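Chemist: Protein chains in written order, with our numbering: chain A, 1 to 270; chain B, 271 to 622.
Here a beta-carbon is modelled for each residue, glycine too, at the ideal position from N, C-alpha and C.
Remember, it's a predicted structure, so these values are computed and weren't measured experimentally.
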Amino acid sequence: MNSSKNRYLASPYLIWSAGFIIIPLIMVLYYAFTDYDGRLTFSNVSAIIYYVNIKALVLSVIFSVVATLFCLLIAYPLCLILTTVIKNGSSFLSLIFILPMWMNSLLRTYAWQNILERKGVINGILAFLNLPPFYIINKPPAILLGMIYDFLPFMVLPVYNSVSRIDKDILNAARDLGADSFDTFVRIIWPLSLPGVISGITMVFVPSLTTFVISDILGGGKILLIGNVIEQLFTQDSDWNAGAGLSAILMIFIVISMFVTAKYDREDIK
Amino acid sequence: MIKRIFSVLMLAVFALTLASCASSEGSTGDDVLYVYNWGEYIDPEVLTMFTDETGIEVVYDEFETNEIMYPKIEAGAVNYDLVCPSDYMISKMIENDLLQEINMDNIPNRENIGEDYWKNAESYDPGNIYSVPYVWGTVGILYNKTMVSDPVDSWGILWNEKYKDEIIMQDSVRDAFMVAERYLGYSMNTTDEDELQEAKELLQEQKHLVQAYVVDQVRDKMIGNEAALGVIYSGEAIYTQRENPDLEYVIPKEGTNVWIDAWVIPRNAKHKENAEKFINFLCRPDIAYLNFDYITYSTPNIPARDLIEDEDIRNSPIAFPVLSDYDLEAYTYLGEKADRHLSALWREVKSY
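Below, the structure is given as C-alpha cells:
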C-alpha cells in the first residue's frame with residue numbers, strides 16, 4: 001500500500017481523535033486557565049494547594065498506587081499459572097477473569113455495597129454462623145476492594161497477552177544453559193513480560209486515580225478523592241473553571257504514566 | 271448516583287456540542303413535552319394518563335439534587351419545558367433570568383392549591399409569577415424505635431457518641447449545614463463567616479459518628495435497618511413507615527427547613543403551552559391524589575388531601591404538620607459567591 005492511501009484510511013480516526021480527544025482537551029485547558037469572564041488566570045490550577053484538594057489528590061495517588069500493586073500481585077501469578085501450569089484451556093480460564101467486564105461496572109460496584117453492608121450478604125452469613133461482623137463498608141478498605149475488583153481485568157488482559165507470547169523455546173534454551181526457575185523468571189520471563197506489565201499498570205492506575213464513583217458508593221461519601229472534588233465542582237458548584245483547573249493537574253499524572261508506557265513500548269520494539 | 275454520573279456525562283456532551291458550535295435542538299414536533307423532575311417524584315401512571323388525554327408525549331428526565339439540575343438548565347443544551355426545583359433554587363433561577371412567566375389563565379386548576387402555600391411561595395417567587403407549588407415538606411430525623419433508646423426531639427442526638435456508625439446524613443450542602451446551623455441556634459440562611467465556621471466545625475466533629483453521607487439512599491438504608499438515625503425529607507417518612515413500621519419521623523425542637531418544590535418553565539422552553547397544560551393537569555385533585563399516594567410527599571392541593579381515605583394519613587402530623595407548632599424556616603438563595611463558599615466548606619467537612 002502506498003502512503004497516501006494509508007492516510008486516507010486513517011482519516012476517520014483523525015476526525016475521531018480531533019473531535020473526541022483533542023478538542024475536549026483544549027476546552028479543558030481553556031477553562032482551566034480562564035476565569036468566569038474569560039480572563040487569563042492561574043487561580044484554578046493553583047487551587048490544588050488548597051489543603052482539601054491536595055489531601056484529595058494525595059489520597060487518590062495512594063489509593064491508586066496500592067490498588068495497582070494489588071492488581072499486579074494478583075494478576076501476574078495468575079497469568080503465569082494460566083500459561084505454564086494449565087496449558088489446556090488457559091484461554092478459557094483467562095476469559096473467566098475478564099468476564100465481569102461484560103457487566104456494567106456501576107452495577108458491580110453497587111453489588112459490592114450490598115455484599116459488604118452491615119446487613120449485607122457477608123454479615124448475614126457471619127451472623128448466622130455466630131461470628132463477629134465484618135465492617136469495611138464506608139471505610140478505605142472497601143474503596144480499595146472496589147478499585148481492585150473493578151480494574152483487575154485491565155491488568156490481567158495485557159499481562160496474559162505478553163506472558164503467553166513468550167516463546168517456549170527461549171525458556172527451554174535457558175534451562176539447557178543451566179538457569180534454574182528463579183533465574184529463568186528474573187532474567188527471561190519478567191523482562192519479556194514487562195511491556196504487558198507496564199500497560200497493565202497504566203490501565204489500572206489511571207482509572208483508579210480519577211474514579212469518583214467507587215469512593216462515593218463504597219466510601220459512603222466520607223472519603224473525598226480528587227475525582228469527587230472535580231465532580232462536585234462541575235455538578236454542585238457549576239464552576240467549570242475550577243473543575244477544569246484541577247482536571248488539568250490530574251492530567252499531568254496521566255501524561256507522565258503515558259510517557260512511561262511509550263518509553264517501554266519503544267524498548268519492546270528494539 | 272446513576273443520575274449523578276449521567277449528569278457528568280451530560281456535561282461532557284455539552285462541552286462537545288459547544289465545541290462543534292452545533293445548537294442542539296429538541297424534537298421539533300409540537301406534541302411533546304420535556305419534563306425534568308426529581309427522582310421518583312411522580313406516579314408514572316400520571317404521565318400515561320396525560321398522554322392519553324392530550325396526545326402530548328412526555329419526555330421525562332430525573333435529577334437528584336437542585337445543584338445538579340441547575341447547571342444543565344443554565345447550559346441550556348437540553349430545552350426542558352418544565353422543571354421542578356426547590357424554593358431557594360427558584361429564586362436563584364429568577365435572579366439569573368432563566369425562567370419565563372407562567373400564563374396563570376391557562377391553569378384554572380391552580381385554585382386547588384391552598385391559599386397558605388401561595389403565600390409561602392411569595393418568599394421565593396414574589397407575586398406568584400414564575401411557579402406553581404407541587405409538593406412541600408419538612409426535613410427531620412427518621413429513627414428506628416428498636417435501635418434508639420433516648421428520646422429523639424433534638425438535632426443533638428446526631429452528635430451522641432452512643433450512635434457511632436448508626437447515623438446517616440444528607441449529602442446535600444444546604445440540608446447538611448441546616449442541621450448544624452439550627453442546632454447551634456443560627457439561621458439556616460446565615461452568611462456570617464463565624465457562624466458558618468462554627469457549623470462546619472460541628473459537622474467535622476460529627477463525621478466520625480456518621481456511617482455515610484447519601485441522598486436518595488437514606489430511605490433504603492433506614493428501611494433495611496442499616497442505621498438507627500437518618501436525616502430525611504418528610505415525604506419519605508410515610509413511605510418508609512409503610513415498609514418498616516419500626517421507623518418514626520420527628521421534627522426537632524430547634525426547628526427545621528420547610529420547603530416547597532414547584533413547577534417552573536425555563537426561559538428556553540420550546541413547548542410553553544404544553545407545559546401549562548401539564549401543570550393544570552397536575553393540579554387536578556384526582557391527579558394530585560394519585561401522585562400523593564405514589565410519592566407520599568405532602569400535597570398543597572386541598573381537594574386532593576380530602577380524597578385521602580385513610581384518616582391517619584389525611585391528618586398525619588408528618589405529612590400535614592400544623593406549621594405554627596414548629597420553628598420553621600425556608601431556604602433563601604444566598605448568591606453565587608456564598609453558595610460556592612458553602613460548597614467549599616462542605617468539602618472541608620467531607621475531606622476531614
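(1) Quick one, which of A10(A), T34(A), I22(A), G124(A) has its alpha-carbon nearest A244(A)'s?
(2) Any idea what DSSP makes of E327(B), helix, strand or coil?
(3) Which of the residues in the stretch 4–30 of chain A, read from start to end, lie with their CB under 9 Å from any CB of chain B?
(4) Output yes or no for whether 8 Å exceeds the beta carbon distance between I148(A) and C71(A).
(5) Along chain E, which residues have their Cβ under 7 Å away from the Cβ of N138(A)?
(6) Would you say I521(B) and P591(B) are within 8 Å of each other, going by their C-beta atoms?
(7) By the DSSP assignment, the beta strand (DSSP E) with Y622(B) in it spans what residues?
(8) Going by DSSP in three states, M155(A) sits in which element: helix, strand or coil?
(9) Count the CB pairs spanning the stretch 144–161 of chain A and the stretch 211–229 of chain A that are closer than 8 Å, and state whether there are at least three.
(10) Looking at S361(B) and T602(B), is the spacing between their C-beta atoms short of 8 Å?
(11) Using a Cβ-based criterion (distance less than 7 Å to any ligand heavy atom), does E463(B) qualify as near the ligand ZN?
(12) Helix, strand or coil, according to DSSP, for E436(B) in the structure here?
(13) Bridge partners of D531(B), per DSSP?
(14) When DSSP labels each residue in this structure, what does A482(B) get in the three-state scheme?
(15) Determine which residues of the stretch 237–267 of chain A have a Cβ less than 7 Å from any Cβ of chain B, and write them out in chain order.
(16) Quick one: is F212(A) buried, meaning 16 or more other Cβ sit within 10 Å of its Cβ, or exposed?
(17) Which residue from S504(B), D609(B), V353(B) puts its Cα closest to that of D462(B)?
(18) Have a look at A469(B), Y330(B), R512(B), W429(B) and flag the residue whose alpha-carbon is nearest the alpha-carbon of Y564(B).
(19) Could you round the C-beta distance between V501(B) and V409(B) to whole angstroms and report it? I think they count as a contact, below 8 Å.
(20) Can you tell me where the beta strand (DSSP E) holding Y51(A) begins and where it ends?
(21) Closer than 8 Å by beta-carbon distance: list the chain A residues that pair up with I338(B), in chain order.
(22) For the stretch 444–454 of chain B against the stretch 414–426 of chain B, do three or more pairs of beta-carbon atoms, one drawn from each stretch, fall closer than 8 Å, so that the two count as touching?
(23) Between which residues of its own chain and M339(B) is the CB-CB distance below 8 Å, once the five residues before and five after are set aside?
(24) Nearest-angstrom Cα distance between E431(B) and A498(B)?
(25) Between which two residues does the beta strand (DSSP E) carrying I502(B) extend?
(26) Check whether the stretch 471–480 of chain B touches the stretch 99–107 of chain A, counting contact only when three or more Cβ pairs, one atom from each stretch, lie closer than 8 Å.
(27) What in chain A is Cβ-close to D441(B), meaning under 8 Å?
(28) So the candidates are D375(B), I437(B), N398(B), W429(B); which of them puts its Cα closest to the Cα of M417(B)?
(29) Do you know whose CA, among Q467(B), D386(B), I377(B), lies nearest V619(B)'s CA?
(30) I need the DSSP call for P536(B), collapsed to helix, strand or coil.
(31) DSSP state of T526(B), grouped into three classes?
(32) Using a Cβ-Cβ cutoff of less than 8 Å, which residues in the same chain neighbour T109(A) once the five nearest sequence positions on both sides are dropped?
(33) Quick test of the definition: if touching needs 3 or more C-beta pairs under 8 Å, does the stretch 224–239 of chain A touch the stretch 53–65 of chain A?
(34) Under the rule that 16 or more other beta-carbon atoms within 10 Å means buried, what is Y519(B), buried or exposed?
(35) So, does the stretch 164–176 of chain A touch the stretch 104–119 of chain A, judging by three or more C-beta pairs under 8 Å?
(36) Can we say the stretch 545–553 of chain B touches the stretch 483–492 of chain B, given the rule of at least three CB pairs closer than 8 Å?
Modeler: Let's see:
(1) T34(A)
(2) strand
(3) G19, F20, I23, P24, I26, M27, V28
(4) yes
(5) Annotation note: the requested chain E is absent from the structure, which comprises protein chains A and B.
(6) yes
(7) Y622(B) -> no beta strand (DSSP E), and no H or E assigned at all.
(8) helix
(9) yes
(10) yes
(11) For the ligand ZN, the structure offers nothing, since it holds no ligand at all.
(12) coil
(13) S356(B), V405(B)
(14) strand
(15) D237, S238, D239
(16) buried
(17) D609(B)
(18) R512(B)
(19) 7 Å
(20) First-last for Y51(A): 51–80, but that is the alpha helix (DSSP H), not the beta strand (DSSP E).
(21) T235, Q236
(22) yes
(23) Y306, F333, V353, P355, M359
(24) 13 Å
(25) 499–503
(26) no
(27) G221
(28) I437(B)
(29) Q467(B)
(30) strand
(31) strand
(32) G146, D150, V213, I214, I217, L218
(33) yes
(34) buried
(35) no
(36) no
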